[in-house]
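Asker:
Numbering (the numbering used here), first residue to last: 41 to 465.
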């Protein structure tokens, strides 16, 4: 039976509700589970793992979730000692792949690093492989994400710049994963974007999909762009594929997933709150690309629902899709979710089912999880945060839809690392 888990990182903050007639331009604070395109968790060897911030060392470490004890334990394995860095994690084929970077494009010390870890099931420990980390960019960025194609090549994307950004792609070259090509801008229209735009990457079928938002376009065609690269083809053979265009469509909210059938699921956020005062206008969206290349849209929430920073998770065994988002925008308050049939997607109206809330005055946001699709062994686990890095978690049993804790339980992340679990016999 699928078990649904939720982990929430909570911090005190100033409430920013949604006025019914006006929404100012604001730069939202972000917590340690940022950014929207990234995944901080993975499931391996019957255990959930995550990249969490340790307040004792002020570093990002690999943590292990102990189901039987309902606790998170620091393994002591370092990911990034830069305490303002943001990481994206991918578990695949016996390795943990991580890209991690600071956020300042002008600072060399914020450059993105690629790390590869191996896992020893006899000790339940990760170890950083020889020759890593390696720097793969010059300077930092808002977010960088990683994917792996069917040839074994690793890809990463990010948007970087000052007043305007460019969308960049890089990938491994040769064996060993330590050599990366110089980042390049794909030869596509719309790759010059605003200083608020981001890009994300996903592997599906025998292809790599690249999505980015463009709130600035020299031709006046703002929107979300999607491009495809066939595995094994030269770097310059990208093609645009039915970009999501329209006034007020683009924002910097992208989270990508793919199923085993080759469908793409993109959770996006519009800017309809900025162009009119219609509280019923679509705001938080799920766009689905079928195998034939056609896109369909589904409204998760309206301007009035005020969702932000959403993500999707797919349970192919039970044919379910979960979508999570915090509300109210911009930096959240509580995390909500909706569940729908994977083959007949339809979301109920409203904010959804409350998934997690913190103490009074605490604003929860930046929900994150895994790139992997779910099964009854893994269950479902979500982490969220605010800028002060306080952690909480909760469980939902899908047999009765009851939470283990009414409002979540605290995770302690300001202690020294714990010992590894006893080896398996």
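From the three backbone atoms N, C-alpha and C, an ideal C-beta is built for every residue, glycine too.
Does the separation of the CB atoms of residue 156 and residue 140 fall below 8 angstroms?
Answerer: Here residue 156 is taken as the residue at index 116 of the chain shown, counted from 1. Here residue 140 is taken as the residue at index 100 of the chain shown, counted from 1. The answer is no: Cβ separation not under 8 angstroms.
Asker: Let's test the definition: count the other Cβ atoms within 10 Å of the Cβ of residue 224 and tell me whether it reaches 16, buried, or not, exposed.
Answerer: As a working mapping, residue 224 is identified with position 184 in the chain shown. By the 10 Å Cβ count, residue 224 comes out exposed.
Asker: Check for me: the beta strand (DSSP E) holding residue 165 runs from which residue to which?
Answerer: What you label residue 165 is simply residue 125 of the chain shown in a count that begins at 1. Where residue 165 is concerned, the enclosing beta strand (DSSP E) stretches over 165 to 168.
Asker: Taking all protein chains shown into account, decide if residue 465 is buried (16 or more other Cβ within 10 angstroms of its Cβ) or exposed.
Answerer: In the chain shown, counting from the first residue as 1, residue 465 sits at position 425. Annotation note: pLDDT 34 at residue 465 (below 50); position unreliable, coordinate value reported separately. Around the beta carbon of residue 465, fewer than 16 other beta carbons lie within 10 angstroms, which makes this residue exposed.
Asker: Below 8 angstroms, how does it come out for the region 104 to 121 and the region 325 to 344: are there three or more Cβ pairs, yes or no?
Answerer: no
Asker: Using CA atoms only, rank isn't needed, just tell me which of 197, 354, 391 is closest to residue 380.
Answerer: Sequence index remark: in the chain shown, residue 380 carries index 340 (1-based). With distances taken between Cα atoms, residue 380 lies closest to 354.
Asker: What does DSSP give as the partner residues of residue 351 in its beta bridges?
Answerer: Residue 351 sits at position 311 when you count from the first residue of the chain shown. 364, per the DSSP bridge assignment.
Asker: Tell me which same chain residues have a C-beta within less than 6 angstroms of the C-beta of residue 240, skipping the five on either side of it?
Answerer: Residue numbering aside, residue 240 sits at position 200 when the chain shown is read from its first letter. These residues qualify, in order along the chain: 77, 185, 251, 294, 296.
Asker: At a cut of 8 angstroms, does the region 229 to 240 reach the region 279 to 293 through at least three beta carbon pairs?
Answerer: yes
Asker: Expressed to the nearest angstrom, what Euclidean distance is found between the alpha-carbon atoms of residue 221 and residue 92?
Answerer: Within the chain shown, numbered from 1, the residue matching residue 221 stands at position 181. Within the chain shown, numbered from 1, the residue matching residue 92 stands at position 52. Going from the Cα of residue 221 to the Cα of residue 92 covers about 29 angstroms.
Asker: Mind checking whether residue 35 and residue 308 have CB atoms under 8 angstroms apart?
Answerer: Because residue 35 is not part of the residues shown, which for the chain are 41 to 465, the question remains open.
Asker: Taking the alpha-carbon of residue 100 as reference, which of 108, 89, 110 has the nearest alpha-carbon?
Answerer: Locating residue 100 in the chain shown gives position 60, where the first residue counts as 1. Ranked by how close their Cα comes to the Cα of residue 100, the residues 108, 89, 110 have 89 in first place.
Asker: Starting from the Cα of residue 383, find the closest Cα among 406, 390, 306, 359 and give me that residue.
Answerer: One-based indexing of the chain shown puts residue 383 at position 343. The residue with the shortest Cα to Cα distance from residue 383 is 359.
Asker: Give the DSSP bridge partners of residue 157, in chain order.
Answerer: Against the chain shown, residue 157 aligns to sequence position 117. Under DSSP, the beta-bridge partners assigned to residue 157 are 136, 168.
Asker: Report the option in 131, 342, 244 whose CA atom is closest to the CA atom of residue 302.
Answerer: Here residue 302 corresponds to residue number 262 of the chain shown, with the count starting at 1. It is 244 whose Cα lies nearest to the Cα of residue 302.
Asker: Comparing alpha-carbon positions, which option in 213, 368, 392 lies nearest residue 378?
Answerer: Counted from its first residue, the chain shown places residue 378 at position 338. Out of 213, 368, 392, 392 has the C-alpha closest to the C-alpha of residue 378.
Asker: Since residue 312 is in the alpha helix (DSSP H), which residue starts that stretch and which ends it?
Answerer: Position 272 of the chain shown, counting from 1, holds the residue named residue 312. Looking at the DSSP string, the run of the alpha helix (DSSP H) that includes residue 312 is 312 to 315.
Asker: Which ranges would you report for the beta strand (DSSP E) in the region 200 to 255 if only whole runs of at least 3 residues count?
Answerer: 204 to 211, 232 to 234, 239 to 244, 247 to 254
Asker: Can you name the start and end residues of the beta strand (DSSP E) that residue 279 belongs to?
Answerer: The residue you call residue 279 lines up with position 239 of the chain shown. Its beta strand (DSSP E) spans residues 278 to 280.
Asker: Work out the CA separation of residue 144 and residue 30 for me, nearest whole Å.
Answerer: Outside the shown range of the chain (41 to 465) lies residue 30, about which nothing can therefore be said.
Asker: So, for residue 168: in the same chain, excluding its five sequence neighbours on each side, which residues have a beta-carbon less than 7 angstroms away from its beta-carbon?
Answerer: Sequence index remark: in the chain shown, residue 168 carries index 128 (1-based). Excluding residues within five positions, the ones whose Cβ falls inside 7 angstroms are 155, 157.
Asker: Hey, residue 347 and residue 323: beta-carbon distance below 8 angstroms or not?
Answerer: Taking the first residue of the chain shown as 1, we reach residue 347 at position 307. Taking the first residue of the chain shown as 1, we reach residue 323 at position 283. Cβ distance < 8 angstroms, so residue 347 and residue 323 count as in contact.
Asker: State yes or no: is the C-beta of residue 182 within less than 8 angstroms of the C-beta of residue 75?
Answerer: Numbered from its first residue, the chain shown carries residue 182 at position 142. Numbered from its first residue, the chain shown carries residue 75 at position 35. For the 8 angstroms CB-CB criterion, residue 182 and residue 75 form a contact.
Asker: Would you mind giving the Cβ-Cβ distance between residue 142 and residue 122, rounded to the nearest angstrom? I have them listed as a contact below 8 angstroms.
Answerer: In the chain shown, counting from the first residue as 1, residue 142 sits at position 102. In the chain shown, counting from the first residue as 1, residue 122 sits at position 82. About 6 angstroms separates the two Cβ atoms, so the contact holds.
Asker: Do residue 375 and residue 306 have their CB atoms nearer than 8 angstroms?
Answerer: In the chain shown, residue 375 corresponds to position 335, counting from 1. In the chain shown, residue 306 corresponds to position 266, counting from 1. Judged by their CB atoms, residue 375 and residue 306 are not nearer to each other than the 8 angstroms cut-off.
Asker: Return yes when the Cβ of residue 404 is within less than 8 angstroms of the Cβ of residue 350, no when it is not.
Answerer: For this step, residue 350 is matched to residue 310 along the chain shown. For this step, residue 404 is matched to residue 364 along the chain shown. It is not a contact, given that the beta carbons lie outside the stated cut-off.
Asker: When we look at the beta-carbon of residue 345 and count the other beta-carbons within 10 Å, is it buried (16 or more) or exposed?
Answerer: Locating residue 345 in the chain shown gives position 305, counting from the first residue. Only buried fits residue 345, as 16 or more other CB atoms lie within 10 angstroms of its CB.
Asker: Going by other Cβ atoms of all chains shown within 10 Å of its Cβ, with 16 needed for buried, is residue 219 buried or exposed?
Answerer: Position 179 of the chain shown, counted from the first residue, corresponds to residue 219. When all chains shown are included, residue 219 counts as exposed.
Asker: Which residue's Cα is closest to the Cα of residue 166: 190, 98, 134, 253?
Answerer: Counting from 1 along the chain shown, the entry for residue 166 is found at position 126. For residue 166, the closest alpha carbon among the candidates 190, 98, 134, 253 is that of 134.
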